[in-house]
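Student: In UniProt numbering, the protein residues as written are 1 to 684. Note that beta-carbon positions come from the ideal geometry of N, C-alpha and C, so glycine has one too.
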Amino acid sequence: MPWIKCSYLYGFSLNLNFHFQIKGLAEAESKSINLNVVCLRFDAFYVGLNDVYFPLCPPVFSHAINNLKSALTGELKIVRMDHCTSPANGGREIFLLVERVTKKNIKVRFYELDDDDNLLWEDYGKFNDLDVHHQYAIVLKTPPYKNRDITSQANVYMELVRPSDNARSDTKTFTYIPMQSQGRPGSKRSRPNDFDSKDYDTPLSIGSDILPTTIQNISGDLDILNLAANLDSDDLLKAYTDINSDEFTKLYARFSNEYEPAALSSSDNSSNLSMDFPCNRENMQKSWCGSSGVKTYMANREYEVKTMRVYREISEFLKTHPKPQEIKNMVRYYLTNSKNESDWLNAFHMAVMLNNSRVINFFVKLIYLTQEFDLINIQSKQFGTVLHLATWCNNVELIERLILTCNADITKRDARFNTPLHIAAVEDAIGNALKMLLKAKDALKCINLENESGDTALHLAVKKKNFGAAQILCHCGADVDYRHKSNGFTALRFAVQNEDLFMVDFLLNEAKANPKVRDFSEVDPFQVVLHSQSLPKIQDLIEKYMEDNKISCDEISIKEEPEDDTSEDEMVISEQEIKIEPLDLPNLYQNVTNFTNECLEQVCSELDASGKWQDLAVLLDVEHLLRLQTFDENRSPSKQLLNYIIASNDGSVKEIRDFLEHLDEKNAVLAIDRMVQEMYSSSS
């Protein structure tokens with residue numbers, strides 16, 4: 001507006017109407033200004049004659065400086081997430097804890113880069129405004145990965161994006177995993193397992209009260225069944241060969257699938273198999289893999305039948321003196337057709353779950369003699385490979401033979417992406433199985449691998465307070481400062497949360513953990529201890545370690561959120577509820593022709609105090625009243641002016657209100673709005 005500058009250069013002043021127009025333009029322009037973003041302007045001048053400043057160059061502006069306390073411009077940050085993996089078809093519900101965001105101005109971006117940081121794929125999480133909770137949490141569903149048929153995990157990145165200014169948070173690693181097969185067409189779909197990887201103990205654990213499914217529960221009077229359950233295999237075979245009843249022969253042929261394995265097994269090895277046909281409650285509880293078998297599945301009679309059938313058929317085949325290649329083909333046929341089963345368990349898997357040492361030794365020798373070592377690494381649907389199952393059962397002897405003799409692959413993962421090291425970190429209290437697993441050739445390469453929940457083996461050992469496993473893993477090279485993918489916690493942070501003094505002492509003084517490694521919310525273990533009132537011994541331990549190692553202990557403040565972060569917003573909303581905009585509700589002012597006494601007193605009080613009643617007179621084109629000095633000095637000039645305006649019809653209540661708004665008389669405007677609102681409410 002050059003004409004404004006000229007007015008100052010040539011010494012003439014603008015009248016009140018021009019001032020009013022300029023102010024209106026300034027207010028209109030101010031509405032497009034983002035008050036949460038500012039820039040610094042830098043100008044260069046030289047001083048000429050008469051102290052006149054002449055610019056040397058165009059002004060230079062700094063980068064945008066954001067108001068970090070505002071959700072519109074503050075820093076974006078992912079503080080924590082409950083899942084760091086998703087199936088390749090997407091749809092997993094994830095809870096994100098974030099810094100303040102606005103529900104209509106936030107996105108969650110998933111993307112993948114190649115080795116040269118070129119974008120390969122991107123998509124956005126699915127959520128709506130209702131899924132953003134109080135500006136600090138987002139519930140979203142993951143998008144499908146570009147290839148839903150992946151056979152190995154795919155690492156991508158995740159970040160928050162604010163569309164208004166394209167601001168982005170720090171990236172977090174996210175992993176897509178292969179989809180689990182739904183089984184054969186027409187088969188019952190398995191129930192999804194949404195438990196965390198640390199939840200290994202299930203209701204189907206040793207000693208649990210499992211309901212028996214036997215005929216004894218139907219009728220307790222069938223004593224003949226109890227008699228059959230106590231017969232060993234030799235007695236059963238003798239009874240069958242000595243009987244002459246045609247009816248019994250037909251019955252035996254009908255149910256031979258259940259009785260043949262028992263008849264084939266020798267009496268000296270019958271302790272390795274569950275001989276309960278039908279079974280009772282005690283026998284069912286004992287039918288686990290020994291006293292420390294797999295806790296998440298029951299090795300029932302069906303497994304015994306299938307295992308012994310394969311064992312019998314291969315044994316009978318070997319008696320025919322086949323060629324070496326025929327033996328390989330026979331073994332491969334029986335151990336690779338497991339995917340026809342709903343759980344993908346082959347006879348070797350079942351033998352390990354049953355802890356049947358004779359069948360286990362039989363398969364180990366076959367695989368070693370045929371050199372078909374890849375058969376060791378065949379995976380079941382839930383439990384992984386034979387090595388996983390041996391680790392579940394804490395069968396150290398079998399683990400040793402699988403690793404040292406049969407070249408078992410320790411990097412294989414089960415359905416929850418656990419390696420055998422993850423399982424041993426939880427289940428192996430003594431540490432013998434874990435020590436044997438770490439003798440594998442690739443053990444050190446996978447010692448820091450994460451499972452589906454983002455835990456390494458060391459994380460699980462610390463969470464479960466398995467001190468022996470944590471020692472073994474750290475001494476073998478586990479990264480003690482490895483950050484969890486969901487929250488950024490280290491092993492030391494987990495130990496502090498568990499209030500495990502001995503674990504903290506070991507991680508600091510032997511494993512040399514860094515107490516200053518921060519999580520996603522910029523909090524380190526030392527800060528957690530300082531802000532806790534119940535960890536004095538751990539605090540002393542960490543402070544002594546930091547002092548001995550000359551680690552700075554300053555910068556210990558943790559950002560605290562305001563107790564009531566909505567008070568300012570609530571105040572703005574309350575004002576908006578009182579204030580009535582004539583442009584939005586023009587009909588409200590059509591029937592208002594005068595002020596109430598209460599409203600007139602409030603408006604006049606504000607104008608008398610500010611002296612802007614004279615400006616109001618100019619805007620209403622009655623400035624002649626000022627020149628003629630018609631107002632009584634002993635009375636309120638504002639009240640005399642308003643009464644004159646209303647009486648002479650020189651201005652309506654609506655016009656007066658609008659002019660007062662332009663004069664920044666906010667309290668007077670609110671008083672008029674309140675008066676109109678009360679009139680509207682009483683009339684309706």
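When burial is assigned at 16 or more other CB atoms within 10 Å of the CB, is phenylalanine 659 buried or exposed?
Tutor: Buried: at least 16 other Cβ atoms inside 10 Å.
Student: Going by beta carbon distance, what residues of the same chain come within less than 6 Å of phenylalanine 363, once the five residues before and after it are set aside?
Tutor: Phe348.
Student: So which of Tyr46, Arg100 and Val523 has the shortest CA-CA distance to leucine 72?
Tutor: Measuring from the Cα of leucine 72, the nearest candidate turns out to be Arg100.
Student: How many angstroms separate the CA atom of histidine 388 from the CA atom of serine 70?
Tutor: The alpha-carbon atoms of histidine 388 and serine 70 are separated by roughly 51 Å.
Student: Between which two residues does the alpha helix (DSSP H) carrying asparagine 329 extend?
Tutor: Taken as a continuous stretch (DSSP letters only), the alpha helix (DSSP H) holding asparagine 329 covers 324-336.
Student: What is the rounded straight-line gap between the Cα of arginine 254 and the Cα of cysteine 406?
Tutor: Because the pLDDT of arginine 254 is 49, which lies under 50, any placement of that residue in the model is unreliable, and the number read from its coordinates should be weighed accordingly. For arginine 254 and cysteine 406, the distance between alpha carbons rounds to 40 Å.
Student: Tell me where the alpha helix (DSSP H) around threonine 396 begins and ends.
Tutor: Going by the sequence as given, residue 396 is valine instead of threonine. That run of the alpha helix (DSSP H) goes 396-404.
Student: With H, G and I counted as helix, E and B as strand and the rest as coil, what does DSSP make of proline 55?
Tutor: Reduced to three states, the DSSP call for proline 55 is strand.
Student: Tell me which residues share the same chain as tyrosine 53 and place their Cβ nearer than 7 Å to its Cβ, disregarding the 5 neighbours each side in the sequence.
Tutor: Cβ neighbours of tyrosine 53 beyond the five flanking positions: Phe45 and Val47.
Student: Which residues in the same chain as lysine 435 place their Cβ atom closer than 8 Å to its Cβ, once the five residues preceding and following it in sequence are excluded?
Tutor: Ile472.
Student: Taking 8 Å as the threshold (C-beta atoms), are alanine 88 and proline 144 in contact?
Tutor: Yes, the Cβ-Cβ distance between proline 144 and alanine 88 is below 8 Å.
Student: From the DSSP output, in three-state form, read off tryptophan 179 for me.
Tutor: Here residue 179 turns out to be methionine, not tryptophan, going by the sequence shown. Looking at methionine 179 - three-state DSSP - the assignment turns out to be coil, as it is neither helix nor strand.
Student: Taking phenylalanine 42 as the reference, give the member of Pro59, Thr175 and Gly74 with the closest Cα.
Tutor: Out of Pro59, Thr175 and Gly74, Pro59 has the C-alpha closest to the C-alpha of phenylalanine 42.
Student: Under a Cβ-count criterion, where at least 16 other Cβ atoms within 10 Å of its own Cβ denotes burial, should phenylalanine 18 be classed as buried or exposed?
Tutor: Its Cβ having fewer than 16 others within 10 Å, phenylalanine 18 is exposed.
Student: Let me check understanding here. Comparing Cα to Cα, which of Met179, Lys550, Gln677 and Leu402 lies closest to serine 86?
Tutor: The shortest Cα separation from serine 86 among Met179, Lys550, Gln677 and Leu402 belongs to Met179.
Student: With respect to the alpha helix (DSSP H) encompassing tyrosine 644, which residues constitute its N-terminal and C-terminal limits?
Tutor: Looking at the DSSP string, the run of the alpha helix (DSSP H) that includes tyrosine 644 is 637-648.
Student: With distances taken Cα to Cα, identify the nearest neighbour of tyrosine 589 among Ser380, Val38, Met679 and Leu49.
Tutor: Considering only alpha carbons, the answer is Met679.
Student: Give me the Cα-Cα distance between phenylalanine 110 and threonine 171, rounded to the nearest whole angstrom.
Tutor: Using only the alpha carbons, I get a separation of about 9 Å.
Student: So, helix, strand or coil for aspartate 123, using DSSP?
Tutor: If DSSP states are grouped into helix, strand and coil, aspartate 123 belongs with the strands.
Student: What number of angstroms, rounded off, separates the C-alpha of arginine 312 from the C-alpha of arginine 332?
Tutor: Arginine 312 and arginine 332: Cα-Cα distance of roughly 16 Å.
Student: Tell me which residues share the same chain as methionine 675 and place their Cβ nearer than 6 Å to its Cβ, disregarding the 5 neighbours each side in the sequence.
Tutor: Closer than 6 Å at Cβ, skipping near neighbours: Thr596 and Cys599.
Student: Can you tell me which of Ser453, Leu404 and His459 puts its alpha carbon nearest to the alpha carbon of lysine 441?
Tutor: Taking only the C-alpha atoms, the option nearest lysine 441 is Leu404.
Student: Would you call alanine 28 buried or exposed, if buried means 16 or more other Cβ atoms sit within 10 Å of its Cβ?
Tutor: Flag for alanine 28 reads exposed.
Student: Please specify which runs of the alpha helix (DSSP H), each continuous and at least 4 residues long, are wholly inside the segment 21-54, giving them in chain order.
Tutor: Taking only runs of at least 4 residues, no alpha helix (DSSP H) segment lies wholly in the segment 21-54.
Student: Between the beta-carbon of lysine 77 and the beta-carbon of valine 98, is there less than 8 Å?
Tutor: Going by C-beta atoms, lysine 77 is nearer than 8 Å to valine 98.
Student: Are aspartate 414 and glycine 384 closer than 8 Å when you measure CB to CB?
Tutor: In contact: aspartate 414 and glycine 384 (Cβ atoms closer than 8 Å).
Student: Can you tell me whether aspartate 632 is buried or exposed, with buried defined as 16 or more other CB within 10 angstroms of its CB?
Tutor: Result: exposed.
Student: I need the straight-line Cα distance from methionine 546 to histidine 459, nearest angstrom please.
Tutor: Rounded to whole angstroms, methionine 546 to histidine 459 spans 22 Å at the Cα level.
Student: Please report the straight-line C-alpha distance between histidine 83 and valine 38, rounded to a whole angstrom.
Tutor: Their Cα atoms are separated by approximately 37 Å.
Student: Looking at tryptophan 121: is its Cβ nearer than 8 Å to the Cβ of lysine 146?
Tutor: Yes. Within cutoff.
Student: Looking at leucine 438 and cysteine 474, is the spacing between their C-beta atoms short of 8 Å?
Tutor: No, Cβ-Cβ distance for cysteine 474 and leucine 438 is not below 8 Å.
Student: For leucine 492, count the other beta carbons within 10 Å of its own beta carbon; 16 or more makes it buried, fewer makes it exposed. Which is it?
Tutor: That one is buried.
Student: Can you name, in chain order, every residue of its own chain whose Cβ lies under 8 Å from the Cβ of arginine 148, other than the five neighbours on each side?
Tutor: For arginine 148, where only same-chain residues beyond five positions count, the Cβ hits under 8 Å are Ala88, Asn89 and Met179.
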